[in-house]
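Asker: In this note's numbering, the protein residues as written are 7 to 371.
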Ligand SMILES: [Zn+2]
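1) Measure the alpha-carbon distance for residue 154 versus residue 320 and round it to whole angstroms.
2) Where does residue 215 land, buried or exposed, given buried means 16+ other C-beta within 10 angstroms?
3) Is the beta carbon of residue 44 within less than 7 Å of some heavy atom of ligand 1?
4) Looking at residue 171 and ligand 1, is the gap between the Cβ and the nearest heavy atom below 7 Å?
5) DSSP three-state label for residue 102, please.
6) Can you look up residue 142 in the DSSP assignment and give me helix, strand or coil?
7) Inspect the beta-carbon positions of residue 194 and residue 301 and report whether they are closer than 8 Å.
8) Going by Cα to Cα distance, which pick from 175, 159, 242 is closest to residue 84?
9) Taking 7 Å as the cut-off, is the beta-carbon of residue 94 closer than that to any non-hydrogen atom of ligand 1?
10) Reducing DSSP to helix, strand and coil, say where residue 273 ends up.
11) Would you give the residue range spanned by the beta strand (DSSP E) that residue 333 belongs to?
12) Should residue 290 and residue 267 be called a contact, given that it needs their Cβ atoms to be closer than 8 Å?
13) How is residue 8 classed by DSSP in three states: helix, strand or coil?
14) Our contact map puts residue 263 next to residue 235 with C-beta atoms below 8 Å; I'd like the distance itself, whole angstroms only.
15) With distance defined between alpha-carbon atoms, name the residue in 255, 38, 269, 16 nearest to residue 52.
16) Could you have a look at residue 57 and say whether DSSP puts it in helix, strand or coil?
17) Between residue 125 and the rest of its own chain, which residues show a CB-CB distance below 8 Å, the 5 nearest in sequence each way excluded?
18) By the DSSP assignment, the beta strand (DSSP E) with residue 194 in it spans what residues?
19) Helix, strand or coil for residue 242 per DSSP?
20) Below 8 Å between beta carbons: does that hold for residue 167 and residue 24?
21) Could you tell me how far apart the beta carbons of residue 337 and residue 138 are, in whole angstroms, since I believe they sit closer than 8 Å?
22) For the stretch 61-76 against the stretch 127-146, do three or more pairs of beta-carbon atoms, one drawn from each stretch, fall closer than 8 Å, so that the two count as touching?
23) Out of 133, 30, 183, 247, point me to the one whose CA is closest to residue 78's CA.
24) Helix, strand or coil for residue 368, going by three-state DSSP, please let me know.
25) Give a yes or no on whether the C-beta atoms belonging to residue 353 and residue 46 are separated by under 8 Å.
26) Taking only the alpha-carbon atoms, compute the straight-line gap between residue 228 and residue 21 and give it to the nearest angstrom.
27) Out of 121, 119, 128, which has the shortest C-alpha to C-alpha gap to residue 112?
28) Between the Cα of residue 362 and those of 223, 297, 288, 322, spot the shortest distance and give me the residue it belongs to.
29) Please report the Cβ distance between residue 71 and residue 88, rounded to the nearest whole angstrom; I am assuming they are in contact, meaning their Cβ atoms lie under 8 Å.
30) Find out if the Cβ-Cβ distance for the pair residue 345, residue 369 is shorter than 8 Å.
31) To the nearest angstrom, how far is the alpha carbon of residue 18 from that of residue 55?
32) For residue 212, which option in 178, 238, 114, 245 has the closest C-alpha, if you only look at C-alpha atoms?
33) If you reduce the DSSP assignment to three classes, tell me which class residue 211 lands in.
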């Protein structure tokens, strides 16, 4: 191992480029991971376009699969050379926020810098890789609070099989969990990108029996069927709210999952609900939302609206990998392309423009 590594860094809006950076020093609670596979997320495209601001020179990416290169002196129970992944969200799990059940909103590591008050609550601050600290689209990444965040990969699972665990699967499943799904439910999932597809799969695993997947892309709707959708609706060809009401005899869906982050999908996700239904929102919104009065029953409809950031931590990752190891689900089908880290600019171009049926790209340093 030399002292420098290649990393994809944010330079300016419209420019993420490969750069040489020093390999980071390992503090007592850290672990240095040699990345074997990582990927590009829709959120990285928001960063590329300048829609989500990060510091200039920051290494982007938040989905690490790799091998432990060096362990901090205080990290126990792992060994160098071990295959691991870490969640996209790396909470400390020691803050008030984390102990209150919202570790993804843990900003306790920012207390010293004055960016977080001593209680440790800071919205979205559990997301550190490629947001607050250097991320995973590099030859090496430093995992903070490694004792809480390093998840060993079971033998027999390939990098491609577990590549969705750090973010896409964890987020999509959280969307299904937040929808309060019960056996026999009808669930509508809006948008069938990688996260929406995982929400569809999660709804199936949780026992929904009528899963209605919505998208404007027939190829993605086809994959939604493989992931467990019973009905697919292309919003370009039909009125989705009308169709859901027809399919449910006018009752409405028990729950809906929003996996895009637009006014139109949020609004439809509310309109398809029965009174007392749950809207589980996963999308990242970029402007104020308006709640339609009728669908909201003037605020008297017993609706629940839940939001979430991806859950992280080794226990979450262990459970997700159990689902894969038990062959309840195969997410390898979402990995449609493979690129070398050296070619990451071309990979961004393909992914951002959704060419060639791309869902997720395996990036190999
Ligand atoms: Zn992401």
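Backbone N, C-alpha and C define an ideal beta-carbon position, used for all residues, glycine too.
Answerer: Checking against the coordinates, here is how it stands:
1) For the purposes of this step, residue 154 is identified with residue 148 of the chain shown, where counting begins at 1. For the purposes of this step, residue 320 is identified with residue 314 of the chain shown, where counting begins at 1. About 6 Å.
2) Within the chain shown, numbered from 1, the residue matching residue 215 stands at position 209. Here residue 215 is exposed. Its C-beta has fewer than 16 other C-beta atoms within 10 Å.
3) As a first step, residue 44 is located in the chain shown; it is residue number 38 there, counting from the start. In this structure, residue 44 has its CB at a distance of at least 7 Å from all heavy atoms of ligand 1.
4) Numbered from 1 along the chain shown, position 165 holds the residue referred to as residue 171. Result no, Cβ not under 7 Å from ligand 1.
5) Against the chain shown, residue 102 aligns to sequence position 96. Here residue 102 sits in helix by DSSP.
6) The residue labelled residue 142 in the question sits at position 136 within the chain shown. Residue state, collapsed to three classes: coil.
7) Along the chain shown, read from residue 1 onward, the residue named residue 194 stands at position 188. Along the chain shown, read from residue 1 onward, the residue named residue 301 stands at position 295. Annotated as distal: residue 194 and residue 301, with beta-carbon spacing of 8 Å or more.
8) For the purposes of this step, residue 84 is identified with residue 78 of the chain shown, where counting begins at 1. Comparing Cα positions, the closest option is 159.
9) By 1-based counting over the chain shown, the position of residue 94 is 88. Flag set: Cβ of residue 94 near ligand 1.
10) Taking the first residue of the chain shown as 1, we reach residue 273 at position 267. In the structure shown, residue 273 sits in a helix (DSSP, three-state: H, G or I).
11) Taking the first residue of the chain shown as 1, we reach residue 333 at position 327. Per DSSP, residue 333 belongs to no beta strand (DSSP E) and is neither H nor E.
12) By 1-based counting over the chain shown, the position of residue 290 is 284. By 1-based counting over the chain shown, the position of residue 267 is 261. Contact flag set, yes.
13) Reading the chain shown from its first residue, position 2 is the one you call residue 8. It is coil, neither helix nor strand.
14) For the purposes of this step, residue 263 is taken as the residue at position 257 of the chain shown. For the purposes of this step, residue 235 is taken as the residue at position 229 of the chain shown. Not quite, the Cβ-Cβ distance comes to about 12 Å (not below 8 Å), so this is no contact.
15) Residue numbering aside, residue 52 sits at position 46 when the chain shown is read from its first letter. Each of 255, 38, 269, 16 was checked against the Cα of residue 52, and the nearest Cα belongs to 16.
16) For the purposes of this step, residue 57 is taken as the residue at position 51 of the chain shown. Note: residue 57 maps to coil in three-state DSSP.
17) Start at 1 with the first residue of the chain shown, and residue 125 comes out as number 119. Hits under 8 Å: 101, 102, 103.
18) Numbered from 1 along the chain shown, position 188 holds the residue referred to as residue 194. Per DSSP, residue 194 is one residue of the beta strand (DSSP E) stretching across 192-196.
19) Sequence index remark: in the chain shown, residue 242 carries index 236 (1-based). In the three-state scheme derived from DSSP, where H, G and I count as helix and E and B as strand, residue 242 is classed as coil.
20) On the chain shown, residue 167 is found 161 positions in, with the first residue counted as 1. On the chain shown, residue 24 is found 18 positions in, with the first residue counted as 1. No.
21) Against the chain shown, residue 337 aligns to sequence position 331. Against the chain shown, residue 138 aligns to sequence position 132. With a Cβ gap of about 27 Å, residue 337 and residue 138 do not count as contacting.
22) Three or more Cβ pairs closer than 8 Å define a contact, and the stretch 61-76 meets that threshold against the stretch 127-146.
23) As a position in the chain shown, residue 78 is number 72, starting the count at 1. Cα-wise, what sits closest to residue 78 is 30.
24) Along the chain shown, read from residue 1 onward, the residue named residue 368 stands at position 362. Taken through DSSP and simplified to helix, strand or coil, residue 368 comes out as strand.
25) Here residue 353 refers to the residue found at position 347 when the chain shown is read from its first residue. Here residue 46 refers to the residue found at position 40 when the chain shown is read from its first residue. Result yes, Cβ atoms of residue 353 and residue 46 sit closer than 8 Å.
26) One-based indexing of the chain shown puts residue 228 at position 222. One-based indexing of the chain shown puts residue 21 at position 15. Between residue 228 and residue 21, the C-alpha separation is close to 33 Å.
27) The residue you call residue 112 lines up with position 106 of the chain shown. Answer by Cα proximity: 128.
28) To locate residue 362, count along the chain shown from 1; it is residue 356. Ranking the options by Cα distance to residue 362, first place goes to 223.
29) Residue numbering aside, residue 71 sits at position 65 when the chain shown is read from its first letter. Residue numbering aside, residue 88 sits at position 82 when the chain shown is read from its first letter. About 12 Å separates the two Cβ atoms, so there is no contact after all.
30) On the chain shown, position 339 is the one that residue 345 refers to. On the chain shown, position 363 is the one that residue 369 refers to. Judged by their CB atoms, residue 345 and residue 369 are nearer to each other than the 8 Å cut-off.
31) For the purposes of this step, residue 18 is taken as the residue at position 12 of the chain shown. For the purposes of this step, residue 55 is taken as the residue at position 49 of the chain shown. In this structure, the straight-line span from the alpha carbon of residue 18 to that of residue 55 is close to 9 Å.
32) Position 206 of the chain shown, counted from the first residue, corresponds to residue 212. The residue with the shortest Cα to Cα distance from residue 212 is 178.
33) Looking up residue 211 in the chain shown gives position 205. Three-state result, residue 211: helix.
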